[in-house]
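Enquirer: By this note's numbering, the letter at position 248 of the sequence shown is numbered 254, and the numbering carries on one by one without gaps. C-beta: ideal position from N, C-alpha, C; glycine also.
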Amino acid sequence: MGRSDWLLLLMPGLIWGSSFFFIAEGLDAFQPALITPLRVLFGFLALVALPQSRKHIPRKDLPSIALLGVFWMVIPLSLFPFAEQHVSSSVTGMLNGATPLFVVTVTSLMHKSFPHRNQLLGLLVGFCGVLLIAIPTANNNSSSKFGVALIMCALCCYGIALNLAVPLQKKYGALPVIVRALAVALILTAPFGIAAIPNSSFAWHSLFAMVGLGVGGTGIAYALATTLAGRVGSTRTSVTTYIIPVVALFLGAIVRDEIVAGLSLVGCGVALTGAFLTNRSRK
């Protein structure tokens with residue numbers, strides 16, 4: 007990986023790490039079902055203004071882009087706000103360290119291959135760290151367990167989505183694919199968001215959080231991650247998620263005064279170690 011690839015690897019992790027903080031801020035006023043279409047709308051508006059996003063894509067590939075929109079945006083972006091009603095933003099962000107496990111599993115199934123032994127070791131170490139992160143939260147009550155389950159479902163969708171993104175990005179580039187996927191996501195989530203408006207309140211900090219979440223986490227970060235997936239593959243791209251726990255932990259604990267268990271902190275360190283082993287094993 008070159009220096010530009012490492013920069014692309016770092017930036018989505020930093021942006022997505024703050025996404026869970028923005029979701030928590032949004033939940034202060036908005037219903038979970040409203041957060042998803044708002045972030046998708048702001049992300050779409052941020053990217054559709056760029057000339058590169060208007061590159062023509064043949065009709066035959068639009069179903070694949072629609073499928074990408076469902077698995078990378080509609081399902082996971084809808085699950086995270088509901089999960090954060092039961093799990094803190096810090097823990098939600100740290101649990102995203104499990105993404106490489108799902109990506110490697112899906113990639114292996116799709117390409118009928120088996121992970122390299124050293125790579126598998128790194129992923130197992132990382133997943134053990136994720137378990138340590140989740141245990142204190144899951145032990146709280148059944149509601150917390152439900153929140154953790156929603157997060158795991160979202161990460162499974164990411165595993166599928168990253169594999170769908172690779173061939174599309176190689177053919178058309180990141181922006182045209184992402185903008186069309188966002189359009190699909192907006193169409194599918196908007197009705198639920200509109201229905202949630204009567205039960206939502208309003209706060210300026212929640213609205214600003216949605217702007218940051220949409221422009222950064224749903225617009226810029228997705229474009230960067232899709233570009234990276236096309237250059238270095240879906241498995242390596244998933245390693246960017248190991249940057250997320252550190253950012254999410256900092257913002258949740260420092261800004262929102264969330265309490266994080268010591269075992270979860272240990273798990274975060276173990277997960278980051280697994281990320282290092284996973285990436286090194288593919289050099």
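For the alpha helix (DSSP H) that contains His117, what are its first and last residues?
Expert: Element bounds for His117: Thr105 to His117.
Enquirer: First and last residue of the alpha helix (DSSP H) that includes Val252?
Expert: Run containing Val252: Ile250 to Phe256, per the alpha helix (DSSP H) assignment.
Enquirer: Pick helix, strand or coil for Ser10, following the three-state DSSP scheme.
Expert: The answer is helix: DSSP assigns Ser10 an H, G or I state.
Enquirer: Name the residue from Ala167, Cys162 and Leu107 whose alpha carbon lies nearest to the alpha carbon of Leu283.
Expert: Per the Cα distances, Leu107.
Enquirer: What is the residue span of the alpha helix (DSSP H) that Val154 lies within?
Expert: Where Val154 is concerned, the enclosing alpha helix (DSSP H) stretches over Ser148 to Tyr178.
Enquirer: Going by CA-CA distance only, name the one from Tyr228, Ala202 and Ala235 that's closest to Leu44.
Expert: Nearest option by C-alpha distance: Ala202.
Enquirer: According to the neighbour-count rule (16 or more other Cβ atoms, all chains shown, within 10 Å of its Cβ), is Met27 buried or exposed?
Expert: The residue you asked about is not Met; residue 27 is Phe in the sequence shown. Buried, by the Cβ-count rule.
Enquirer: Pick out whichever of Leu188, Ala155, Leu40 and Val54 has its Cα sitting closest to the Cα of Val93.
Expert: For the residues Leu188, Ala155, Leu40 and Val54, the minimum Cα distance to Val93 belongs to Ala155.
Enquirer: Starting from the N-terminal side, write out each stretch of the alpha helix (DSSP H) that is 4 residues or longer and does not extend beyond the segment 56 to 140.
Expert: The segment 56 to 140 contains these whole alpha helix (DSSP H) runs: 68 to 75, 81 to 89, 95 to 101 and 105 to 117.
Enquirer: Three or more C-beta pairs closer than 8 Å, one from the segment 88 to 105 and one from the segment 196 to 211: is that the case here?
Expert: Short answer: they don't touch.
Enquirer: Fully enclosed by the segment 12 to 54, which alpha helix (DSSP H) runs are 4 residues long or longer?
Expert: Listed in chain order, they are 38 to 54.
Enquirer: For the candidate residues Val272, Val221 and Ala209, whose alpha-carbon lies nearest to that of Asp34?
Expert: Here the closest residue by C-alpha is Ala209.
Enquirer: Figure out for me which residue from Ser24, Val76 and Pro64 has the closest Cα to the Cα of Met100.
Expert: Selected option, being the one with the closest Cα: Ser24.
Enquirer: Beta-carbon within less than 6 Å of Phe198's beta-carbon, same chain only, minus the 5 sequence neighbours each way: which residues are those?
Expert: For Phe198, where only same-chain residues beyond five positions count, the Cβ hits under 6 Å are Ala39.
Enquirer: My guess is that Thr42 and Pro87 are in contact by the Cβ rule of under 8 Å, so how many angstroms apart are they, rounded?
Expert: About 6 Å; that satisfies the 8 Å criterion.
Enquirer: Okay, do the segment 121 to 134 and the segment 63 to 82 touch, 3+ Cβ pairs below 8 Å being the bar?
Expert: The segment 121 to 134 is not in contact with the segment 63 to 82.
Enquirer: I'd like to know if the segment 218 to 225 and the segment 260 to 280 are in contact, where contact means that at least 3 CB-CB pairs between them fall below 8 Å.
Expert: No, because fewer than three Cβ pairs between the segment 218 to 225 and the segment 260 to 280 fall closer than 8 Å, the two stretches do not touch.
Enquirer: Taking the C-alpha atoms as reference points, what is the distance between Cys227 and Leu16?
Expert: According to the sequence as given, residue 227 is Ala; it is not Cys. Their Cα atoms are separated by approximately 10 Å.
Enquirer: Checking 8 Å against the spacing of the C-beta atoms, do Val190 and Ala52 come in under that value?
Expert: Not a contact, by the Cβ cut-off of 8 Å.
Enquirer: In terms of residues, what are the limits of the alpha helix (DSSP H) holding Gly218?
Expert: That run of the alpha helix (DSSP H) goes Trp210 to Gly218.
Enquirer: From Leu192 to Ala55, what distance separates their C-alpha atoms?
Expert: For Leu192 and Ala55, the distance between alpha carbons rounds to 16 Å.
Enquirer: Just the Cα atoms here: how many angstroms apart are Val266 and Arg9?
Expert: About 34 Å.
Enquirer: Would you mind giving the Cβ-Cβ distance between Ala254 and Thr98, rounded to the nearest angstrom? I have them listed as a contact below 8 Å.
Expert: So it is a contact: roughly 7 Å between Cβ atoms.
Enquirer: Just to check my reading of the structure: Ile166 and Val80 have Cβ atoms closer than 8 Å, yes? What is that Cβ distance to the nearest angstrom?
Expert: No, Ile166 and Val80 are not in contact; Cβ-Cβ is about 12 Å, not under 8 Å.
Enquirer: Using the C-alpha atoms, what's the distance from Cys159 back to Glu264?
Expert: Cα to Cα, Glu264 sits roughly 24 Å from Cys159.
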